[in-house]
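Right, one structure below, let's go through it.
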Amino acid sequence: MKVPQFIHLLGSPPWFYRISGQLMPVLGLLACALLIVAWVWGLGFAPEDAKQGNSYRIIYLHVPTAVIALAGYYVMAFTGLVYLVWRIQLMALMLKSAALIGAAMTFLALFSGAVWGKPTWGTWWVWDARITSMLILFFLYLGVLGIINAFSGSKTSQQAGVKAASILALVGTVNIPIIYKSVDWWFSLHQPATLKLTGKSNIDGSMLTPLLIAIVGCYVFYAFMLLWRTRIELQSSEHNKQWLRDAVSKK
Amino acid sequence: MYFDSIQALLHMDGHGPYVWACYGMGALVFLGLVLSARAQSKRSIEMICASDVNDEDVQ
Amino acid sequence: MINAPMIFSIAAAFKAHVKAESLLRWRHKSDILQPLLFFVLVLSLFPIAINAPSQELARLAPGILWVIVLLASLFSAEHLFRDDLGDGSLSAQLLSVQPLSVYVVAKLSVHVAFVVVPLALASPIMALMLHMPGSGVPVLILSVLIGGVSLSMIAAFGAALTVSVHQRSMLLALITLPLYVPVLIFASSAIQSNIDGTFPTMQLLILMSFALLSAALLPWAISAALKLSVENK
């Protein structure tokens with residue numbers, strides 16, 4: 001199969017190391033700025049929601065992390081696919097990083113969803129479609145992390161572990177829409193009407209802007225962390241290479 | 001600011017504990033990701049400086 | 001057994017695998033009873049733990065039965081590839097001219113026959129113990145038979161990924177159970193729907209599509225997982 005130029009370049013660790021080193025400060029500062037603006041705006045300046053009062057302010061944490069949790073799974077599965085097809089070592093390292101950050105984001109989305117549920121629905125946990133799918137997504141992430149963890153040891157064993165994690169991530173990708181649709185169908189059969197509250201909250205423009213900034217900020221933060229963690233994985237897996245030593249000592 | 005005072009911002013008409021608990025956990029996780037990455041990065045750079053160069057298996 | 005470079009046709013290879021595997025299972029007849037014993041054991045815990053009037057228990061029965069079916073299929077698949085990896089016959093399969101998925105499908109067909117079918121046949125007795133209305137029983141048997149195919153495939157996938165790992169039980173559960181969720185939903189909903197008076201055509205068709213989908217796609221994933229497990233050994 002003909003390898004596209006972009007992927008070919010990703011196969012070169014020194015190239016990735018150099019480019020990510022240049023990108024990271026920009027992404028880090030941008031993420032920091034965007035998130036601070038979004039959260040200060042959302043917490044202190046956006047107006048109160050007519051129905052939910054101030055508890056709705058959790059949206060500025062909940063929705064961005066939930067978006068990243070799902071998008072991050074697809075990033076992970078994509079790196080897994082590229083790794084399985086073209087055997088690019090860098091993708092293996094990126095898959096490991098994506099699994100960890102994605103799991104952290106999924107945890108945050110679940111946690112903030114549960115805490116948001118208490119003032120809104122009067123209960124910490126509701127078995128509705130979105131929460132349940134998010135929980136299952138969390139389990140899928142933990143499965144990938146668990147596989148990577150279980151295959152620690154020699155280098156060949158680690159590589160086998162990343163292959164296993166890639167296959168699992170791909171199978172999970174096929175399954176996520178199926179799981180979501182089934183859970184959605186199942187819980188919509190006997191859903192009490194009171195829970196529909198958050199579904200169609202007409203969100204005002206003045207509330208929407210900080211939300212969009214928060215989502216973009218989280219994406220940038222995700223990219224920043226992904227590059228950073230991949231660099232760290234690269235540093236430890238290639239620690240005895242001359243180019244890496246040169247790159248480190250140049251700083 | 002939307003709120004009249006810092007107290008009102010912290011209290012948020014009774015929803016404060018929920019909102020601030022979320023953002024507290026959010027700060028914890030975000031900072032945890034950054035700080036653990038920083039610690040690991042330091043460790044791996046030390047490892048690079050300490051290890052012998054072995055370029056035999058470079059493609 | 002020495003496999004000379006004979007040109008097996010796929011069908012012949014499949015038949016040979018099925019025969020060998022069935023013979024092996026038949027020699028360990030007591031293993032067939034294990035999932036059933038597990039089923040009864042776990043099932044008897046529920047009425048003890050819940051201690052509810054029988055109509056309450058009957059309402060929970062489809063869900064309880066299906067959760068136990070999931071667990072039984074999970075545990076019965078845990079050692080599916082262990083012996084083949086240990087004695088090197090899996091490595092031999094990798095060298096064979098036939099694709100590994102032939103071996104996988106043959107092995108799983110036998111697994112379905114020796115684990116899922118007995119579970120399905122035993123399930124009416126379990127339903128009786130939970131006071132489930134009789135109208136749910138035919139659909140219960142059907143759903144275990146159809147859903148069992150997907151369950152076996154998914155569990156075998158988890159088992160293939162983890163076969164070379166120590167301490168695999170927890171990891172296997174973590175990988176497998178989330179993937180079971182759609183089957184669980186439509187199977188227990190099918191039984192409930194039949195008890196409530198409508199024949200669950202839709203649910204059964206969806207279960208059937210899950211079975212076909214997993215039977216078509218997962219053998220590839222299982223083969224790939226087995227290959228890397230052999231590498232990792």
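Residue numbers (this note's numbering), protein chains in the order written: chain E, 1 to 251; chain F, 1 to 59; chain A, 1 to 233.
Just so it is clear, CB atoms sit at the ideal spot from N, CA and C, and this is done for glycine as well.
From a predicted model like this one, the values you see are computed outputs, not experimental measurements.
- The Cβ neighbour count for G134(A), taken over all protein chains shown within 10 Å, is under 16; the residue is labelled exposed.
- Nearest CB-CB separation between R229(E) and chain F: below the 8 Å threshold.
- When DSSP states are grouped into helix, strand and coil, G122(E) belongs to the coil group.
- Assigned with DSSP and collapsed to three states, G88(A) falls in coil, not helix or strand.
- Annotation for P124(A): the continuous alpha helix (DSSP H) segment containing it runs 117–129.
- As the crow flies, the alpha-carbon of F3(F) is around 6 Å from that of L9(F).
- Counting of Cβ neighbours within 10 angstroms places W186(E) among the buried residues, the total reaching 16 or more.
- Chain E has a Cβ within less than 8 Å of the Cβ of D13(F).
- If you draw a 10 Å sphere on the C-beta of C218(E), you find 16 or more other C-beta atoms in it, and that means buried.
- Under the three-state reduction of DSSP output, D49(E) falls in the strand class.
- Of the residues P118(A), I191(A), I195(A), S150(A), the one whose Cα lies closest to the Cα of A216(A) is S150(A).
- Going by beta carbons, V248(E) and I45(F) fall inside the 8 Å limit.
- About 6 Å separates the CB atoms of L170(E) and L81(E); that is less than 8 Å, so the two are in contact.
- Beta-carbon to beta-carbon, G143(E) and F151(E) are separated by about 13 Å, too far to satisfy the 8 Å threshold.
- Separation of E233(E) and V112(A) (C-alpha to C-alpha, rounded to the nearest whole angstrom) is 42 Å.
- Runs of alpha helix (DSSP H) with 4 or more residues, each lying fully within the segment 152–218 of chain A, are found at 168–195, listed in chain order.
- Excluding residues up to 5 positions away in sequence, I68, A72, L119, A122, M126 lie with their Cβ nearer than 7 Å to the Cβ of F39(A) in the same chain.
- Excluding the 5 residues flanking it on each side, P210(E) has same chain C-beta neighbours closer than 7 Å at A38, W41, G42, A46, Y60, in chain order.
- Rounded to whole angstroms, the separation of the alpha carbons of L90(E) and G148(A) is 39 Å.
- For Y219(E), the enclosing alpha helix (DSSP H) begins and ends at 205–237.
- In chain order, L43, G44 make up the part of chain E whose C-beta sits under 9 Å from the C-beta of L9(F).
- Closer than 8 Å to the CB of L33(F) there is at least one CB belonging to chain E.
- The beta carbon of S188(A) is closer than 6 Å to those of P62, G63, W66 in its chain, skipping five residues each way along the sequence.
- Rounded to whole angstroms, M153(A) and V139(A) show a C-alpha spacing of 21 Å.
- Chain E places no beta carbon closer than 8 Å to that of S5(F), leaving this residue out of the contacts.
- Here DSSP, grouped into helix, strand and coil, assigns G153(E) to coil.
- Short of 6 Å from the beta carbon of I146(A), and not among the five residues preceding or following it, lie these beta carbons of its own chain, in chain order: L207, M208, A211.
- Fully contained in the segment 68–114 of chain A is no beta strand (DSSP E) run of length 3 or more.
- Between G24(F) and chain E, the shortest Cβ-Cβ separation is not below 8 Å.
- By the CB criterion at 8 Å, M134(E) and G102(E) fall outside the cutoff.
- Contact between I215(E) and V67(E) holds, with the beta-carbon distance rounding to 6 Å and staying under 8 Å.
- Between T65(E) and the set D246(E), I213(E), L227(E), the nearest pair of CA atoms involves I213(E).
- Chain E has a Cβ within less than 8 Å of the Cβ of I185(A).
- Within chain A, the C-beta atoms nearer than 7 Å to that of K163(E) come from L228, in chain order.
- For G16(F), the enclosing alpha helix (DSSP H) stretches over residues 16–50.
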